[in-house]
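Numbering (this note's numbering), first residue to last: 28 to 267.
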Amino acid sequence: MLKKNGVDYKNSSVYGAVCIGESIKNQDFTDNILSQKIKEKWDIKLFSTYASTEMSTAFTECEFQIGGHHHPELIITEILDDDENPVGEGENGELTITTLGVEAIPLLRFRTGDLVKAHDEPCGCGRNTMRLGPVVGRKQQMIKYKGTTLYPPAMNDILNDFNTILCYQIVIQSDEIGLDEIIIKLSTEQDHETFVNEVRDHFRAKLRVSPKIEIIDFDILSKTVFNPNSRKPITFIDLR
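Quick look at the structure:
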């Protein structure tokens, strides 16, 4: 968008950006594909943050970039399993919050639906509060596909790795016997058959799944992905 509008962003005074809405980190806090692509075009520092309207606060990385810091004076944080019990150390669970700084509509043990992992080891910045790792996925978006459990962010990383994909959309639906079916709709200028096989090979190698892949004309698919009524691109649709 900046380039399209003639903005010389590379010579701007911007030296860092706090990113929200899309994950920019892998679970080990290394840069994911999206983060790498941004940095290739713009040499700035990217900081990950996690927040929601309901919690009225944010978990944001410090300069050491090993998770978003918790603010215990603003919010009580729990990471729970399906039985509403705290998960074990190093395990993923659903982020559940109780707000302390909200007066109008305070929330008690509000389940966010996001699966995360807590990191409790001291941070180099001197803070000793718990830190949240990157969101693994939405609990309701969990996909069970032929013995493998996965979430949309893992598929996003694979698709974002292809510079020749103009846009894409992941569709999950139930087949005739009620099992999850994955359909990847994408637009590309590449040779269709060769490119489809390449994408499918990446899915097999990294996630051990082989989704159905459909090539859609960019003008048609982009209208669904970049819906003017949505603040973010609609890259995931759950029809189950």
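We put the CB at the ideal spot given by N, CA and C, even for glycine.
On a predicted model such as this, the values are computed, not experimentally measured, just so you know.
Worksheet item: Touching or not, the stretch 45–54 and the stretch 75–83, by the rule of three or more beta carbon pairs under 8 Å?
Response: yes
Worksheet item: Nearest-angstrom Cα distance between Ile211 and Asn53?
Response: Numbered from its first residue, the sequence shown carries residue 211 at position 184. Numbered from its first residue, the sequence shown carries residue 53 at position 26. So the two alpha carbons sit approximately 22 Å from each other.
Fill in: Pairwise C-alpha distance: Thr175 and Lys233
As a position in the sequence shown, residue 233 is number 206, starting the count at 1. As a position in the sequence shown, residue 175 is number 148, starting the count at 1. Computed Cα separation, rounded: 12 Å.
Worksheet item: Looking at C-beta atoms only, is the number of pairs between the stretch 216–233 and the stretch 185–193 that lie closer than 8 Å three or more?
Response: yes
Item to complete: In the DSSP assignment, find the beta strand (DSSP E) that holds Lys171 and state where it starts and stops.
Response: Walking along the sequence shown from the start, residue 171 turns up at place 144. That run of the beta strand (DSSP E) goes Ile170 to Tyr172.
Discussion item. I'd like to confirm the pairing. Which residues does DSSP put opposite Asp207 in its beta bridges?
Written reply: On the sequence shown, residue 207 is found 180 positions in, with the first residue counted as 1. According to DSSP, residue pairing for Asp207 in a beta bridge involves Ser201.
Worksheet item: Got a sec? Which residues, its chain only, sit under 6 Å from Ser249 by beta carbon, not counting five neighbours each side?
Response: By one-based count along the sequence shown, residue 249 stands at place 222. Hits under 6 Å: Cys194.
Worksheet item: With burial defined as no fewer than 16 other Cβ atoms inside 10 Å of the residue's Cβ, what is the status of Thr80: buried or exposed?
Response: The residue labelled residue 80 in the question sits at position 53 within the sequence shown. That one is exposed.
Practice prompt. Would you mind stating whether Gly151 and Phe91 have Cβ atoms separated by less than 8 Å?
Written response: In the sequence shown, the residue the question calls residue 151 occupies position 124. In the sequence shown, the residue the question calls residue 91 occupies position 64. Yes, Cβ-Cβ distance for Gly151 and Phe91 is below 8 Å.
Worksheet item: Is Ile247 helix, strand or coil when you go by DSSP?
Response: Within the sequence shown, the letter at position 220 stands for residue 247. Looking at Ile247 - three-state DSSP - the assignment turns out to be helix.
Worksheet item: What distance in whole Å lies between the Cβ atoms of His146 and Arg158, which are believed to be in contact at a cut-off of 8 Å?
Response: Mapped onto the sequence shown, residue 158 falls at position 131. Mapped onto the sequence shown, residue 146 falls at position 119. Their Cβ separation, rounded to whole angstroms, is 4 Å, which keeps Arg158 and His146 in contact under 8 Å.
Discussion item. Check for me: the alpha helix (DSSP H) holding Phe263 runs from which residue to which?
Written reply: Position 236 of the sequence shown, counting from 1, holds the residue named residue 263. From DSSP, Phe263 is part of no alpha helix (DSSP H) but of the beta strand (DSSP E) over Phe263 to Asp265.
Practice prompt. Go to Asp141, then tell me how far its beta strand (DSSP E) extends in each direction, as first and last residue.
Written response: By one-based count along the sequence shown, residue 141 stands at place 114. Taken as a continuous stretch (DSSP letters only), the beta strand (DSSP E) holding Asp141 covers Phe137 to Val143.
Worksheet entry | Rounded separation between Gln167 and Asn38 - CA only | Start at 1 with the first residue of the sequence shown, and residue 167 comes out as number 140. Start at 1 with the first residue of the sequence shown, and residue 38 comes out as number 11. Whole-angstrom Cα-Cα distance: 42 Å.
Discussion item. For Phe230, count the other beta carbons within 10 Å of its own beta carbon; 16 or more makes it buried, fewer makes it exposed. Which is it?
Written reply: Here residue 230 is taken as the residue at index 203 of the sequence shown, counted from 1. Burial call: buried.
Practice prompt. Spell out the partners DSSP gives Asp58 in its beta bridges.
Written response: The count along the sequence shown starts at 1 and reaches residue 58 at position 31. Bridge partners of Asp58: Lys52.
Practice prompt. Tell me whether Arg258 sits in a helix, a strand or coil according to DSSP, three-state version.
Written response: Within the sequence shown, the letter at position 231 stands for residue 258. Correct three-state label for Arg258: coil.
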